[in-house]
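Heads up, the sequence shown is in the UniProt record's numbering, so the first residue is 1 and it goes up one at a time.
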Amino acid sequence: MAPNNKSHRRNNSGKKLIDRITPVGRPKPERPPTQEGFKTVNGRLVSANDVGVLLREASSKLEAKKRRKSPKGKPHKNGPAPPESKAKPSKSNPLVIHTNSDASDKLLVFYNLALGVNQDSLKTVLQKLSHARIAKVRVRDLPSGSATANVWLVRPTIEELERVRKLFDGALVDGRTIRVTTVSDTHTMSY
1 MAPNNKSHRR NNSGKKLIDR ITPVGRPKPE RPPTQEGFKT VNGRLVSAND
51 VGVLLREASS KLEAKKRRKS PKGKPHKNGP APPESKAKPS KSNPLVIHTN
101 SDASDKLLVF YNLALGVNQD SLKTVLQKLS HARIAKVRVR DLPSGSATAN
151 VWLVRPTIEE LERVRKLFDG ALVDGRTIRV TTVSDTHTMS Y
């Protein structure tokens, strides 16, 4: 019998190589029986040796895998395609794309700064590191123990705002990881 046939692989699957090798003329050493464990299947705690439950779980995984692989609209081997369900809108944040390139009303907001940050020194540091001209900086200490800074650029463009945002977003400042976002200036919004 060839060692590569399916029954040989099935009988030896799960055994380590050292367990499959036996010296010539010696019987296999007796191993203590494995302890019985438990496993959760569909939210239920079952014995790890319960073959019926494990087979049902394996077959359901195979069917789910087949459904994922088959292209939509084509029938499955064991029946017609399931009816298309109405797509429900996801509860996550929707993708918002702005097509206007006017950035005159945009500013950068720096979150999670240390308390007591000086506005002038922050403006100087930001200008030196980003090589961008900054019109003004307004820092506000929050009761949560962090500070937020609003930063207005001189003649901002979308590209310039995004470049500065990427440069500082996730940076480590005074032992804190800061977050930077681009927002619209609330003074120019109309409701």
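Yeah, the Cβ is synthetic: ideal placement off N, Cα and C, and Gly gets one too.
* Spatial neighbours of R138 in its chain, beta-carbon cut-off 6 angstroms, leaving aside the 5 residues before and after -> If you number the sequence shown from 1, residue 138 lands on position 138. So the qualifying residues of the chain are N150.
* Asked: If we ignore side chains and look at the alpha-carbon of each, how far apart do R133 and R165 end up?
  -> For the purposes of this step, residue 133 is taken as residue 133 along the sequence shown, with counting starting at 1. For the purposes of this step, residue 165 is taken as residue 165 along the sequence shown, with counting starting at 1. In a straight line, the C-alpha of R133 is about 14 angstroms away from that of R165.
* Nearest neighbour of S130, chosen from D169, S144, T148 and V117 [CA to CA] -> One-based indexing of the sequence shown puts residue 130 at position 130. If we check each option's Cα against that of S130, D169 comes out closest.
* According to the Cβ coordinates, are K106 and T182 closer than 7 angstroms? -> Locating residue 106 in the sequence shown gives position 106, counting from the first residue. Locating residue 182 in the sequence shown gives position 182, counting from the first residue. Going by C-beta atoms, K106 is nearer than 7 angstroms to T182.
* If we count the other Cβ atoms within 10 Å of its Cβ and call it buried at 16 or more, is F38 buried or exposed? -> Translated into positions along the sequence shown, residue 38 becomes position 38. Its Cβ having fewer than 16 others within 10 Å, F38 is exposed.
* Own chain, CB closer than 8 angstroms to S146, minus 5 neighbours either side, in chain order -> By 1-based counting over the sequence shown, the position of residue 146 is 146. Taken in chain order, the residues that qualify are Y111, N112, L113, A114, L115 and R176.
* Asked: Which residue comes first and which comes last in the beta strand (DSSP E) that contains T148?
  -> Your numbering for residue 148 matches position 148 in the sequence shown. T148 -> beta strand (DSSP E) spans A147 to L153.
* Can you tell which of P143, K66, R44 and T186 has its C-alpha closest to the C-alpha of W152? -> Within the sequence shown, the letter at position 152 stands for residue 152. The shortest C-alpha separation from W152 is found at T186.
* Collapsed DSSP secondary structure at R133 in the structure displayed -> Taking the sequence shown and counting its residues from 1, the one referred to as residue 133 is at position 133. Three-state result, R133: coil.
* **Segment limits, alpha helix (DSSP H) that includes L115** => Numbered from its first residue, the sequence shown carries residue 115 at position 115. L115 -> no alpha helix (DSSP H), and no H or E assigned at all.
* Helix, strand or coil: which one does DSSP assign to T186? -> Along the sequence shown, one-based indexing puts residue 186 at 186. Three-state result, T186: coil.
* N-terminal and C-terminal residue of the beta strand (DSSP E) that L45 is part of -> Residue mapping note: residue 45 aligns to position 45 of the sequence shown, counting from 1. Looking at the DSSP string, the run of the beta strand (DSSP E) that includes L45 is R44 to S47.
* Asked: The alpha helix (DSSP H) spanning V164 covers which residue range?
  -> As a working mapping, residue 164 is identified with position 164 in the sequence shown. From DSSP, the alpha helix (DSSP H) with V164 extends over I158 to F168.
* Asked: By the 10 Å Cβ neighbour count, where 16 or more other Cβ atoms means buried, how is P156 classified, buried or exposed?
  -> Numbered from 1 along the sequence shown, position 156 holds the residue referred to as residue 156. Counting Cβ neighbours within 10 Å, P156 comes out buried, since at least 16 surround it.
* To do: Please find out if some non-hydrogen atom of the ligand GDP comes closer than 6 angstroms to the beta-carbon of G175.
  => The ligand content of the structure shown is nil, which means the ligand GDP is not present either.
* Closest Cα partner of V180 within the set V154, P143 and L126 -> Sequence index remark: in the sequence shown, residue 180 carries index 180 (1-based). Ranking V154, P143 and L126 by Cα distance to V180 puts L126 first.
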